[in-house]
Structures are given as C-alpha cells and as structure tokens.
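A.B. asks: Have a look at the structure that comes next, please.
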Amino acid sequence: TLGSFFRTGQMGLVQDLDKGFELLFRAADLGSSGAHLNIAYAYQTGKGLEQDVSKAVHHYQIAAIGGVLMARQNLGCMEAQTGNFERAQKH
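Here is the structure:
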C-alpha cells in the first residue's frame, strides 16, 4: 500500500513515517486488511509506533477476519509465546 511505501521509503518515495502511518490508518478505516496487518506488526514490534501488544492483537484479528493468513499465523505465534497453546492451535 502507499502507506507502507512512505513508511519504508520504497518506490522512489522519501521515507516519511508520519505520512505512512496516516495513510495506513486511513486505509484500515476504509477496510483494508493489509493495512491492519501492517499496523499490527508495527504495534507488535514497536517499529514506527509505540509497542502495544493489545493493539497489535486487535489489528491482527481484523486482518485475520479479512482473510490475511499472515495475521492468523502471527496471532497463533503470539498465543504460543504466552503459553496458550490450545488457542494457538486454533489459528
């Protein structure tokens, strides 16, 4: 997405984290599952946004509902890391 390109400085764009996340949040508001995945990853890792696991889970869940397999995988890994193996297997 354009937000991701701004965030990383790809496709000839000058890197601009603020603009990138502004566009990602706008895309997420419009229903982009891919945008939710990128936002979740940023919250999970603290790369570009302040680390917040609960917000990461929230955005991963929306992305997973939207059919993004990577979101389901990441949710499963997060559940396994907290010792919730039964729930991890459901993802």
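My numbering applies: residue 37 is where the sequence shown begins, and numbers increase by one.
Each residue gets a CB set at the ideal place from its N, CA and C atoms; glycine is no exception.
Predicted model only: the values in this text are computed from it and were never measured.
Under three-state DSSP, which class holds S68?
C.D. replies: In the three-state scheme derived from DSSP, where H, G and I count as helix and E and B as strand, S68 is classed as coil.
A.B. asks: For L38, I'd like the list of residues in its chain whose CB is within less than 7 angstroms of its CB, leaving aside the five on either flank, ordered along the chain.
C.D. replies: Around L38: L59.
A.B. asks: Less than 8 angstroms between the C-beta atoms of E63 and A71, yes or no?
C.D. replies: The residue asked about is misnamed: residue 63 is Ala in this sequence, not Glu. In contact: A63 and A71 (Cβ atoms closer than 8 angstroms).
A.B. asks: Taking its Cβ as the centre, do 16 or more other Cβ atoms sit within 10 Å of D87, making it buried, or is it exposed?
C.D. replies: Residue identity differs from the one stated: residue 87 is Gln in this sequence, not Asp. Exposed.
A.B. asks: Counting along the chain, where does the alpha helix (DSSP H) carrying Q117 start and finish?
C.D. replies: Looking at the DSSP string, the run of the alpha helix (DSSP H) that includes Q117 is 105-117.
A.B. asks: With DSSP as the reference, label H127 as helix, strand or coil.
C.D. replies: coil
A.B. asks: For V89, report the span of its alpha helix (DSSP H) as first-last.
C.D. replies: 89-101
A.B. asks: If you draw a straight line from the alpha carbon of Q80 to that of D54, how long is it in whole angstroms?
C.D. replies: Each residue's alpha carbon lies about 18 angstroms from the other.
A.B. asks: Excluding five sequence neighbours on each side, which residues of the same chain lie with their C-beta closer than 6 angstroms to the C-beta of L52?
C.D. replies: Strictly speaking, residue 52 in this sequence is Asp, with Leu absent from that position. Here the set comprises F42.
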